[in-house]
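Peer 1: Per our numbering, residue 604 is the first one in the sequence shown, and the count goes up by one each step.
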Amino acid sequence: MKNPTIKTLVAATFLLGGTLHSAMAATDTAAGTDPVTDFFRDGKVNIDIRARYEGVDQTGVRDADAVTLRTRIGYTTADFSGINASIEFEDIRALDGDAYNQAGLNPGGADRAIVADPVGTEVNRAWIGYNADATTLKLGRQRIVYDNARFVGDVGWRQNMQTYDAFTIRNTTIDGLVLNYAYIDQVNRVLGHDHPNG
Numbered sequence: 604m605k606n607p608t609i610k611t612l613v614a615a616t617f618l619l620g621g622t623l624h625s626a627m628a629a630t631d632t633a634a635g636t637d638p639v640t641d642f643f644r645d646g647k648v649n650i651d652i653r654a655r656y657e658g659v660d661q662t663g664v665r666d667a668d669a670v671t672l673r674t675r676i677g678y679t680t681a682d683f684s685g686i687n688a689s690i691e692f693e694d695i696r697a698l699d700g701d702a703y704n705q706a707g708l709n710p711g712g713a714d715r716a717i718v719a720d721p722v723g724t725e726v727n728r729a730w731i732g733y734n735a736d737a738t739t740l741k742l743g744r745q746r747i748v749y750d751n752a753r754f755v756g757d758v759g760w761r762q763n764m765q766t767y768d769a770f771t772i773r774n775t776t777i778d779g780l781v782l783n784y785a786y787i788d789q790v791n792r793v794l795g796h797d798h799p800n801g
């Protein structure tokens, strides 16, 4: 990894989990429910599978025919006193990885046109969050999209989602006004962590 941020996020998630477990264990369970169990049981699993074909006919290199499959599997906890967390993994596979140039990552496709969907597996999102009334805070690897992704977004047409290692605040206290703040430590680009420009 180029940046130790994701290691820090994973460590923080385990630390948060231990802290939440201790806090939840101390919570009054008079209603007969276990907050720890509810925190995980009431969460949501997400599975997203997308097959994609992209063909490129470019002068000077051989044509590219990329048939790829993206799989995302993740889990987001339920809220506990406004705190929640999420983790998601993303995997991209190609029917024939040498039928296109994966932005220089596959020597077998070096003489073909580029399709920026390299194969690989990564942690796509891993964040902890806090929700209070009209304010949401989020820390970690996350999806950020502003104004239909014109300048800041997830590059949704590529198989590998662009994510951000960031701290974000969103506030909707004033009707008709959404205030967003993002401190971005690292942009995880669509070329993946193995690419020099990833």
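For every residue, glycine included, the Cβ atom is placed at its ideal position computed from N, Cα and C.
Given the structure is predicted, the values throughout are model-derived calculations rather than measurements.
What residue does the alpha helix (DSSP H) around R644 start on, and which one ends it?
Peer 2: For the purposes of this step, residue 644 is taken as residue 41 along the sequence shown, with counting starting at 1. Residues 638-644.
Peer 1: How about V793 and A716: do their beta carbons lie closer than 8 Å?
Peer 2: What you label residue 793 is simply residue 190 of the sequence shown in a count that begins at 1. What you label residue 716 is simply residue 113 of the sequence shown in a count that begins at 1. Taking 8 Å as the Cβ cut-off, V793 and A716 do not qualify as a contacting pair.
Peer 1: Would you check if the region 663-679 and the region 769-783 touch, i.e. whether three or more CB-CB distances between them fall below 8 Å?
Peer 2: Contact fails: fewer than three Cβ-Cβ distances are below 8 Å.
Peer 1: State buried or exposed for I787, treating a residue as buried only when at least 16 other CB atoms are found within 10 Å of its CB.
Peer 2: By 1-based counting over the sequence shown, the position of residue 787 is 184. Exposed, since its Cβ has fewer than 16 Cβ neighbours within 10 Å.
Peer 1: Just to confirm the assignment, what range does the beta strand (DSSP E) spanning G743 have?
Peer 2: If you number the sequence shown from 1, residue 743 lands on position 140. Per DSSP, G743 belongs to the beta strand (DSSP E) from 738-745.
Peer 1: For G711, which residues in the same chain have their Cβ closer than 6 Å to its Cβ, ignoring the five residues on either side in sequence?
Peer 2: As a first step, residue 711 must be located in the sequence shown, where it is residue number 108. D701.
Peer 1: Whole angstroms is fine: what's the gap from Q762's alpha carbon to N783's?
Peer 2: As a position in the sequence shown, residue 762 is number 159, starting the count at 1. As a position in the sequence shown, residue 783 is number 180, starting the count at 1. Spanning the two alpha carbons is a distance of roughly 26 Å.
Peer 1: Going by the beta-carbon positions, is the gap between M764 and N800 smaller than 8 Å?
Peer 2: As a position in the sequence shown, residue 764 is number 161, starting the count at 1. As a position in the sequence shown, residue 800 is number 197, starting the count at 1. Cβ distance not < 8 Å, so M764 and N800 don't count as in contact.
Peer 1: Within 10 angstroms of the Cβ of F642, are there 16 or more other Cβ atoms? Answer buried if so, exposed if not.
Peer 2: As a first step, residue 642 must be located in the sequence shown, where it is residue number 39. With 16 or more Cβ atoms within 10 Å of its Cβ, F642 is classed as buried.
Peer 1: Could you check if K741 is buried or exposed, using at least 16 other CB atoms within 10 Å of its CB as the buried criterion?
Peer 2: Here the question's residue 741 lines up with position 138 in the sequence shown. Flag for K741 reads buried.
Peer 1: Specify, as a first and last residue, the run of the beta strand (DSSP E) that D694 falls within.
Peer 2: By one-based count along the sequence shown, residue 694 stands at place 91. Here the beta strand (DSSP E) through D694 covers 686-697.
Peer 1: How big is the Cα-Cα spacing for P638 and D666?
Peer 2: Translated into the one-based positions of the sequence shown, residue 638 becomes position 35. Translated into the one-based positions of the sequence shown, residue 666 becomes position 63. Approximately 56 Å between the Cα atoms of the pair.
Peer 1: By Cβ distance, which residues of its chain are closer than 6 Å to D694, with the 5 residues on each side in sequence left out?
Peer 2: Stepping through the sequence shown from its first residue, residue 694 is reached at position 91. If we look at D694 and ignore the five residues flanking it on each side, its Cβ neighbours are T674, T724.
Peer 1: Out of curiosity, what's the CA-to-CA distance linking V722 and H796?
Peer 2: Indexing the sequence shown from 1 puts residue 722 at position 119. Indexing the sequence shown from 1 puts residue 796 at position 193. Each residue's alpha carbon lies about 11 Å from the other.
Peer 1: If you measure between the beta carbons of G732 and A688, is that distance less than 8 Å?
Peer 2: As a working note, residue 732 is residue 129 in the sequence shown. As a working note, residue 688 is residue 85 in the sequence shown. Taking 8 Å as the Cβ cut-off, G732 and A688 qualify as a contacting pair.
Peer 1: Alpha carbon to alpha carbon, what distance is there between Q705 and H798?
Peer 2: Start at 1 with the first residue of the sequence shown, and residue 798 comes out as number 195. Start at 1 with the first residue of the sequence shown, and residue 705 comes out as number 102. Roughly 10 Å separates the two Cα atoms.
Peer 1: Would you mind working out which of R744, G743, T766 sits nearest A752, comparing C-alpha positions?
Peer 2: Position 149 of the sequence shown, counted from the start, is the residue given in the question as residue 752. Nearest of R744, G743, T766 to A752, Cα basis: T766.
Peer 1: Measuring CB to CB, does G707 end up less than 8 Å from A729?
Peer 2: Taking the first residue of the sequence shown as position 1, residue 707 is located at position 104. Taking the first residue of the sequence shown as position 1, residue 729 is located at position 126. No, the pair does not count as a contact, with Cβ atoms beyond the cut-off.
Peer 1: Have a look at R644, Q789, R655 and flag the residue whose alpha-carbon is nearest the alpha-carbon of D720.
Peer 2: Translated into the one-based positions of the sequence shown, residue 720 becomes position 117. Of R644, Q789, R655, the residue nearest in Cα terms is R655.
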